[in-house]
Amino acid sequence: MKKILLISCFCAFTSLLWGQKPPIVGKYWIEFKDKAQSPYCTCRPWEFLSARALARRARAGIAVVDNDLPVNPAYLDALRAKNVRIHHTSRWMNAATVITDSSGAASLRSLPFIQQITYVGRHIVPKEPKDRPLKHRIVTTNYPKAGEGADDLGYGGLQNSLLNLPLLYYAGVKGDGIWIAVMDGGFNNVDTMPFFDSIALTGRLFPGWDFVEHDGGIYESAQHGTAVLSVMSANLPGYFVGAAPHATYFLLKTEDTAGEYPVEETNWIAGAEWADSVGVDIINASLGYTSFNDTTLSHNFKQLDGKTAIGSKGAAIAATKGMIICNSAGNSGDEPWRYVGVPADAKGIIAVGAVTSASTRADFSSMGPTADGRIKPDLVAPGEQVVVAGDVGTELGLSNGTSLASPMLAGGLAALWSDFPEKTANEILEAVYQAADQNTEPDNERGYGLPNLAKAWLHLHGFWVAAQPNDAHADAFFASNRAAGTMQFLVFSALPDAVQSILLVDEGGRVYPVTDFSVSNQKISRIWLRGLTQLPPGAYQVRVVTNQSTINLLGLFFK
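Residue numbers are given in our numbering: position 538 of the sequence shown equals residue 1382, and the series is strictly consecutive.
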């Protein structure tokens, strides 16, 4: 034992004497030439995509294609035989990120199936404990209130109002059934903070994976992700409520807070592929890359064409899989580098800029165009003086950045989409863009503008506002679908008591009882009538009979 120790010391001494340094371990992006002889097949997609992911694609008419196939396992085995470690792989890019030194990377060039090898940064040894255990959540029922006159949204009211989300919230549209993946640098204290009790206790909070340190410990490393998550999912009525408190959340750690290198772009891709495979509907990534610790790896403006940077190429593919991808535009609008970052330059994703409470562009919000002349950002959302979860307990804070604008929009889109689960991502986005405040005159400061999500919601439902006949409610909207035999009413108040029956009365006084109806009695109530395929076209008075009174709604021209 002593001899071995002496030999080791002597070797170390001679290495120092001759100025030799141990090889620097880095991360390398390995692109493969093909997926030849792969054991996977697009004819058996259930082997690598969940049933929910396949259903999402089927709804949008999106086929499973070759870039969905996992990397050939034989290629990965050959890499391991060269004594390199696999950090993660990419189905979409047919690539792998590996950990090795420069000589190890050079040795891979002899493998016939390798297309290209790119250095993506220094390997940073993980600093967090392996698989950090969850803390014990103590449910809080006694929490502060926003004060006299505050509504259910509490301190979240103003920022949600800028997107016109309260209409949806008070109609009971809160993100139910929508799955959101949140990619960030860490989520400190999400496992204990009361803001997240609702999603945790109802089985809607899932710690996904740490793509930086390769374990399941994601409630660590940064408070940034906690703040981002809070503007979507917080649910303490009367104190602080987010944009989509009833959605389901998957938390993914892709950002390495210990250093800035392009490998984080490959982490972004790995996280997005994971989200796609489990069946997520929306991805929020409040992340962006322009400058790195190793400045020789930093991006320049010419690379912002959506098809040069690794992260942008991956993000563009993500946008073709039937998901909505929201990514922060960046916070360089008032700096020499004023442009959006990577992967916000990618085609198909929503690069989200920030606006003030007056709906003007926040000074820091990064701008376009991209290097190939496309408009960026795509949309904007509240990003200045945004109320967020604090560090512990029920503390609140104020924060600035497109990092908050992106989840504000992502949460709003989740709420909107939840009321139309049969629709595709593109159908939802089409309505959102049409409802944005400069959709006909986009620019490179606010993109297509600030969306009015209430307007998009009303449009998707086909609601009309009609002149009120007789004593009909002026504060009610209606929609009708002749082919489906349905009517829907939106009443801007709670109904006084339970609805016993609903009658339709035509212009001649003939009464048509409705036998198939349902009511959602909220601060903004909704009434659905069905089974009306045989109802003659015409204008009708709608009588809603409750235990104590009869409410006459607006006249309806049923097409």
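Glycine is no exception: its CB is placed at the ideal position from the N, C-alpha and C atoms.
All figures in this text were calculated on a predicted structure; none of them were measured in a lab.
Collapsing the DSSP output to three states places residue 1233 in a strand.
At least 9 Å separates the beta-carbon of residue 1039 from that of residue 1094.
Of the residues 1361, 1120, 1043, 1381, the one whose Cα lies closest to the Cα of residue 1375 is 1361.
Per DSSP, reduced to three states, the secondary structure at residue 1183 is strand.
Around the beta carbon of residue 953, a 10 Å sphere encloses fewer than 16 other beta carbons of the protein chains shown; the residue is thus reported as exposed. In this structure, 1388 is the residue among 1388, 1185, 1350 with its C-alpha nearest to the C-alpha of residue 1359. For the options 896, 923, 1339, the alpha carbon positioned closest to that of residue 942 is the one of 923.
In the structure shown, residue 913 adopts coil according to DSSP, grouped into three states. Taking residue 1125 as the centre and dropping the five residues before and after it, the same chain places the C-beta of 900, 1022, 1023, 1024, 1167, 1168, 1258, 1261, 1269 closer than 8 Å to its C-beta, in chain order. Beta bridge pairing from DSSP links residue 920 with no other residue. With a cutoff of 9 Å on beta-carbon distance, residue 1212 and residue 1184 are scored as near each other. Annotated as distal: residue 886 and residue 914, with beta-carbon spacing of 9 Å or more. In this structure, DSSP gives residue 1378 a state outside helix and strand, which the three-state scheme calls coil. A direct Cα-Cα distance of roughly 10 Å separates residue 1187 from residue 1151. Boundaries for residue 889: no alpha helix (DSSP H) harbours it, and the DSSP string shows neither H nor E there. For residue 1047, the closest of 1114, 1089, 1129 by C-alpha to C-alpha distance is 1089. In this chain, residue 1123 is not harboured by any beta strand (DSSP E), its DSSP state being neither H nor E. In the DSSP annotation of this structure, residue 1014 is not part of any beta strand (DSSP E); the continuous alpha helix (DSSP H) holding it starts and ends at 1010 to 1014. Per DSSP, the continuous alpha helix (DSSP H) segment holding residue 1255 begins and ends at 1246 to 1262. By alpha-carbon distance to residue 1199, the top candidate from 1192, 1210, 1190 is 1210. A distance of 9 Å or more separates the beta carbons of residue 1298 and residue 1045. Rounded to the nearest whole angstrom, the C-alpha separation of residue 970 and residue 871 is 14 Å.
In the displayed model, residue 868 falls within coil according to three-state DSSP, outside both helix and strand. Using a C-beta cut-off of 8 Å, the stretch 1104 to 1115 makes no contact with the stretch 1067 to 1075, since fewer than three inter-stretch Cβ pairs fall below that distance. Membership of residue 1278 in the alpha helix (DSSP H) is indicated by the continuous run 1269 to 1278.
Under the 10 Å beta carbon count, residue 989 is surrounded by fewer than 16 other beta carbons and is classified as exposed.
In the DSSP assignment, residue 1332 is bridged to 1323, 1372.
With a contact defined as Cβ atoms closer than 8 Å, residue 996 and residue 1082 qualify at about 6 Å. Between residue 1288 and residue 1346, the C-beta spacing is not below 9 Å. The C-beta distance from residue 1164 to residue 1192 rounds to 7 Å, short enough to meet the 8 Å contact threshold. In chain order, 1104, 1106, 1108, 1109, 1143, 1153, 1155, 1185, 1186, 1187 place their CB closer than 8 Å to the CB of residue 1133, counting only its own chain and leaving out the 5 sequence neighbours on each side. Taking C-beta atoms as the reference points, residue 1130 and residue 1245 count as a pair closer than 9 Å.
By the criterion of a C-beta distance shorter than 8 Å, residue 1141 is surrounded in its chain by 963, 964, 965, 1105, 1106, once the five residues flanking it on both sides are discounted.
Using a Cβ distance threshold of 9 Å, residue 1020 and residue 1063 do not count as a contacting pair. Put simply, of 1096, 999, 983, 967 the residue whose alpha carbon is nearest the alpha carbon of residue 1052 is 1096. Note that the C-beta distance between residue 1002 and residue 1256 is not below 9 Å.
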